[in-house]
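Below is one structure; the comments refer to it alone.
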Amino acid sequence: MTAEPSIPVRIDGGEEEAIAGPASARPVSSRAVLELRDVTKAYVLEGVVVHALCGVTLDVNEGEMLSIMGPSGSGKSTLMHIIGLLDHPTSGTVGVEGEDVVGMSANQLAAVRNKRIGFVFQSFNLLARTGALANVELPLVYAGLGAAERSRRAREALEGVDLGDRLRHTPSQLSGGQQQRVAIARALVTSPSIVLADEPTGNLDSRSGIEVMALLQRLNAAGITVVVVTHDANVARHGQRIVELRDGKVVRDALVTDRLFASDELVQLGMNTAAGADAVGAKAGGPA
Ligand SMILES: Nc1ncnc2c1ncn2[C@@H]1O[C@H](COP(=O)(O)OP(=O)(O)OP(=O)(O)O)[C@@H](O)[C@H]1O
Ligand SMILES: [Mg+2]
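This note's numbering puts the first residue of the sequence shown at 35, with every later residue one more than the last.
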């Protein structure tokens, strides 16, 4: 058996120390990349106040894969919008990679978001009449990259999710699972350090859902911090830690002791697809 790869891990004070072990067992850094302190969000709609978040304090550590669960209306999407800098909290503070973002202007927020955060949504949010390649290129248009570089990076991102042969297909010419993989490629094309996925498997059959989780676990094994919102306990078990919300509050925050690995599930299903096979490689510490 070959030696396990050495993985540099940041320890408390920021010193790097090499810890040997498979990527799946990689200790999570204790450096918080997302720091929420007493975050509240109140929506006012036609004079009625809805308290969507009621004092959420939460750290998400670098390299962590965190699942957020909770019943409908408990504030999961609201929380994702705030940690994704798509929305302001009513009160409290939000730190992203050590920067306090609450006082930032819309332009500054957009810059942090574009550089550091990738989003994956339940409904894919792809442009309907646009091919996969152009959909994935879009964030690079906003980033001001030239056409050739955009196309090269988008193609690479699509190849990374096993869709190198679907570059010109529009969303309606792709399966749900393929559309979600295009959306993941779009989230990754700007090389974010954090990927936020709100119910990424919500509109998928179970096999496509496992393929999407295999991809997210593979990104996480490559060092990207991943936060997944789900109401499905099995999807949540693909993370290392589960935070549960109820009525806008954190009611549970626990490590997963019986973690699921999507690559294993795909093998069990006899579907060792390219995405699954890659995920197997990532679990064994292979390149992303
Ligand atoms: N833009 C808005 N204006 C007014 N109220 C809102 C708005 N967005 C969300 N809410 C309310 O805030 C609460 C939390 O909503 P949120 O979308 O965060 O829930 P969720 O946990 O994501 O639910 P689901 O599982 O159904 O997606 C709900 O009561 C919702 O009605
Ligand atoms: Mg929601």
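Virtual Cβ for every residue (Gly too), placed ideally from N, Cα, C. Keep in mind that this is a model prediction, so the values were computed, not measured.
{"Item": "ARG186 beta carbon less than 9 Å from that of LEU197", "Value": "no"}
{"Item": "Residues near ILE258 in its chain [Cβ-Cβ closer than 6 Å; skip 5 each side]", "Value": "VAL229"}
{"Item": "Separation of GLU80 from VAL67, as counted between CA atoms", "Value": "36 Å"}
{"Item": "Exposed unless 16 or more other CB atoms sit within 10 angstroms - verdict on THR235", "Value": "buried"}
{"Item": "Proximity to LEU289 [Cα-Cα], best of LEU174, ARG271, GLY282 and VAL135", "Value": "ARG271"}
{"Item": "Three or more C-beta pairs below 8 Å linking the region 130–146 and the region 198–210", "Value": "no"}
{"Item": "Neighbourhood of SER125 by C-beta distance below 8 Å, restricted to the same chain and skipping five residues each side", "Value": "ASP72, VAL73 and THR74"}
{"Item": "Pocket of ligand 1 (residues with CB nearer than 6 Å to any heavy atom), chain order", "Value": "TYR77, LEU79, VAL84, ALA86, GLY104, SER106, GLY107, SER108, GLY109, LYS110, SER111, THR112 and HIS265"}
{"Item": "Alpha helix (DSSP H) runs wholly inside the region 127–158, at least 4 long, in chain order", "Value": "140–150"}
{"Item": "Residues near ASN169 in its chain [Cβ-Cβ closer than 7 Å; skip 5 each side]", "Value": "LEU160, LEU161, VAL216 and ARG220"}
{"Item": "Cβ-based neighbour list, GLY118, same chain, cut-off 8 Å, excluding 5 preceding and 5 following", "Value": "ARG147, ILE151, PHE153 and LEU230"}
{"Item": "Start and end residues, beta strand (DSSP E) containing ASN268", "Value": "Looking at the DSSP string, ASN268 is not in any beta strand (DSSP E); the run it does join, the alpha helix (DSSP H), is 267–270."}
{"Item": "Separation of LEU249 from ALA296, as counted between CA atoms", "Value": "9 Å"}
{"Item": "Buried versus exposed call for THR224 [16 or more other C-beta atoms within 10 Å across all chains shown]", "Value": "buried"}
{"Item": "Cβ-heavy atom distance, ASP281 to ligand 2, below 8 Å", "Value": "no"}
{"Item": "Element boundaries [beta strand (DSSP E), containing VAL290]", "Value": "Taken as a continuous stretch (DSSP letters only), VAL290 belongs to no beta strand (DSSP E), as it is neither H nor E."}
{"Item": "Cβ contact (3+ pairs, closer than 8 Å) linking the region 276–284 and the region 81–89", "Value": "yes"}
{"Item": "Start-to-end residues for the beta strand (DSSP E) that takes in GLU233", "Value": "Taken as a continuous stretch (DSSP letters only), GLU233 belongs to no beta strand (DSSP E), as it is neither H nor E."}
{"Item": "Residue burial classification, HIS109 (beta-carbon count within 10 angstroms, cutoff 16)", "Value": "Sequence inspection shows Gly at residue 109; the His mentioned does not correspond to that position. Classification of GLY109: buried, given that the 10 Å Cβ count is 16 or more."}
{"Item": "Contact check, MET114 vs ASP232, beta carbons under 9 Å", "Value": "yes"}
{"Item": "Of the residues LEU100, ILE218 and ALA181, the one placed nearest VAL269, counting alpha carbons only", "Value": "LEU100"}
{"Item": "Anticipated Cβ contact below 8 Å, GLU171 with ARG184, distance rounded", "Value": "4 Å"}
{"Item": "CA-to-CA distance, GLU299 to ILE244, given in whole angstroms", "Value": "7 Å"}
{"Item": "Residues that TYR262 bridges to, as DSSP identifies them", "Value": "In the sequence as presented, Tyr is not what sits at residue 262; that position holds Val. The partner list for VAL262 (beta bridge, DSSP) reads SER101 and ALA231."}
{"Item": "Closest residue to ARG275 among GLU98, VAL84, ASP266 and GLU69 (Cα-Cα distance)", "Value": "GLU98"}
{"Item": "Through-space distance from LEU167 to ASN237, alpha-carbon basis", "Value": "22 Å"}
{"Item": "Contact test: ASP121 Cβ vs ligand 3 heavy atom, cutoff 8 Å", "Value": "The ligand content of the structure shown is limited to ligand 1 and ligand 2, which means ligand 3 is not among them."}
{"Item": "Span of the beta strand (DSSP E), counted from its first residue to its last, around ALA66", "Value": "66–79"}
{"Item": "Whole-Å CB distance - PRO105 paired with ILE116, under 8 Å assumed", "Value": "Between ILE116 and PRO105 the Cβ distance is about 19 Å, and since that is not below 8 Å, they are no contact."}
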